[in-house]
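The sequence shown maps to residues -2 to 371 in the working numbering. Backbone N, C-alpha and C fix where the C-beta goes; we use that ideal spot for every residue, glycine too. Source: prediction; values computed, not measured.
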Amino acid sequence: MEDLEKKNEIFNKFTCGEKFFEAYSDFTLIVFYLINLLLIVISVMVSVAFYTLAERKIMGGVQRRKGPNVVGFYGFLQPFADGFKLFLKEIILPTKSNLFIFIFSPIITLTLSLLAWVAVPLNFDFVLVDINLTILYFLAISSLGVFGIIGSGWASNSKYAFLGAVRSAAQMISYEVAIGFIFIIVAICSGSYNVFDIVLSQKNIWYIFPLFPLFIIFFISALAETNRAPFDLPEAEAEIVAGYNVEYSSILFALFFLGEYANMLLMSYLTVILFFGGWLPFGFIINLDNVTNFVGFEIFFIIKFLFFVFLFVLIRSALPRVRYDQLMNLGWKIFLPLTLGLLLFVVGFLDLNNGFPLKTDFLLRDIELILKTF
């Protein structure tokens, strides 16, 4: 508790704390938030653009080909050329579709994927919105993303698009249950739903070690939640053409594309925060009295973040698509009872041994004893 109190004191001192709000007028604060929100949107969009380039390059290497290498230096400008091409294409609107929902659905998808990033910190330096229930906020935003997909499939007035939308909605709802249980378990172990508190609770040992089964379940669920291979069944080209976005073209298709990749980056971020100590190096005991300890910690976060971003692409390159019944059985018959059982086990274990939240000192002691035996 003393560490968390010191953390809050440092955070309020070096970020937008009460003194900052008292020193400026309401209009200045509005401009401040709008500028930072714009910077976040631009940063996410640029990251998505280069992520698509990295994906194509990595998949090209796996398949023993070069990938994009014409536009710009070694294809460096290929994402911008693709985006410019989509902007110039004609927007085709099906005559028998519900035009308002048809146009509004991709906007909802992209907006919700960007809204999640306003509560994302990289360090103690700054976060636009510091929410005590950050993890629940992420879960709520990802749940609302179903509406954009359902709306696009229904408004298109196409059987293929509607089938893809139903598949996607069922898939996302199925795996959100398991992700929700995992969020609860991590919150119980850290004693908070706040991202900063979850990271600080891993200053001695990352949760990947005591909660390794949960990490495996969470990462597989993240693949299914973002409709990525081998769980990209809503977009199964061989079965339903292209899924819920089959009738979309030009900038409307690009909005779905950007939203999907922004969600993949967010899931990689959550994996690092929940199980790999966020921006903290492994086993490093933080001295909260000295704020200079936080300087340069972003590099640890970036390395871990890029590893999981790379893993998303590698899995797509290596694994075949599963059947839809296998996907649903995995979510409801395996992951749901497993996460529920692990929730009960963790609660009972903490109650009998160490109380709430999880104290990692005894875990480090046990690890040292095991290593000494060898």
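Cα-Cα separation, residue i to residue j
{"i": "T106", "j": "A158", "result": "16 Å"}
{"i": "P334", "j": "L303", "result": "31 Å"}
{"i": "M325", "j": "W276", "result": "34 Å"}
{"i": "I296", "j": "L125", "result": "20 Å"}
{"i": "F11", "j": "S149", "result": "Low confidence applies to F11: its pLDDT is 40, below 50, so where it sits in the model is not reliable enough to give any reading."}
{"i": "I312", "j": "G240", "result": "21 Å"}
{"i": "E257", "j": "P231", "result": "12 Å"}
{"i": "V306", "j": "V319", "result": "21 Å"}
{"i": "P103", "j": "A259", "result": "13 Å"}
{"i": "L88", "j": "N95", "result": "Sequence inspection shows Ile at residue 88; the Leu mentioned does not correspond to that position. In a straight line, the C-alpha of I88 is about 15 Å away from that of N95."}
{"i": "L348", "j": "L341", "result": "Strictly speaking, residue 348 in this sequence is Asp, with Leu absent from that position. Distance between the alpha carbons of D348 and L341: 11 Å."}
{"i": "F273", "j": "F253", "result": "29 Å"}
{"i": "W114", "j": "S246", "result": "26 Å"}
{"i": "L197", "j": "F215", "result": "20 Å"}
{"i": "I299", "j": "G145", "result": "30 Å"}
{"i": "F29", "j": "L249", "result": "30 Å"}
{"i": "K54", "j": "L255", "result": "18 Å"}
{"i": "F36", "j": "Y134", "result": "What sits at residue 36 in the sequence shown is Leu, not Phe. Those two C-alpha atoms are separated by around 21 Å."}
{"i": "I39", "j": "L111", "result": "10 Å"}
Contacting residues, own chain, Cβ-Cβ under 8 Å from residue i (five flanking each side not counted)
{"i": "L136", "result": "E173, I176, G177 and F180"}
{"i": "F294", "result": "N120, W276, L277 and P278"}
{"i": "Y48", "result": "Y258, M261, L262 and V306"}
{"i": "L34", "result": "V115 and L125"}
{"i": "A184", "result": "I132, Y190 and I195"}
{"i": "D79", "result": "T49"}
Proximal residues to residue i (C-beta, below 6 Å), its chain only, five neighbours per side dropped
{"i": "V243", "result": "Y157 and A158"}
{"i": "Y100", "result": "According to the sequence shown, residue 100 is Ile rather than Tyr. Same-chain partners within the cutoff: there are none."}
Close-in-space but distant-in-sequence residues of the same chain around residue i (CB under 7 Å, 5 per side omitted)
{"i": "S140", "result": "E173"}
{"i": "V269", "result": "G275, F298, K301, F302 and F305"}
Three-state secondary structure assigned by DSSP to residue i
{"i": "K301", "result": "helix"}
{"i": "T108", "result": "helix"}
{"i": "V310", "result": "helix"}
{"i": "V38", "result": "helix"}
{"i": "F18", "result": "Note that F18 scores a pLDDT of 49, beneath 50, so its modelled location is shaky; the value from the coordinates is reported in the next line. DSSP places F18 in helix when its eight states are reduced to three."}
{"i": "K82", "result": "helix"}
{"i": "I217", "result": "helix"}
{"i": "Y400", "result": "Nothing can be reported for residue 400, as the shown portion of the chain is limited to -2 through 371."}
{"i": "Q168", "result": "helix"}
{"i": "A226", "result": "coil"}
{"i": "F250", "result": "helix"}
Cβ neighbour criterion (16 or more within 10 Å) applied to residue i
{"i": "L211", "result": "buried"}
{"i": "V160", "result": "In the sequence under discussion, the amino acid at residue 160 is Leu, which differs from the Val named in the question. It is buried - the Cβ of L160 has at least 16 other Cβ atoms within 10 Å."}
{"i": "C186", "result": "buried"}
{"i": "Q60", "result": "exposed"}
{"i": "N350", "result": "exposed"}
{"i": "L220", "result": "buried"}
{"i": "V43", "result": "exposed"}
{"i": "S218", "result": "buried"}
{"i": "N129", "result": "exposed"}
{"i": "G86", "result": "The sequence as given places Lys at residue 86; Gly does not occur at that position. Exposed is the call here."}
{"i": "P317", "result": "exposed"}
{"i": "Q199", "result": "buried"}
{"i": "R62", "result": "exposed"}
{"i": "D23", "result": "exposed"}
{"i": "V67", "result": "exposed"}
Near the ligand ATP: residue i beta-carbon under 8 Å from a heavy atom
{"i": "L197", "result": "Among the components modelled here there is no ligand, and therefore nothing to report on the ligand ATP."}
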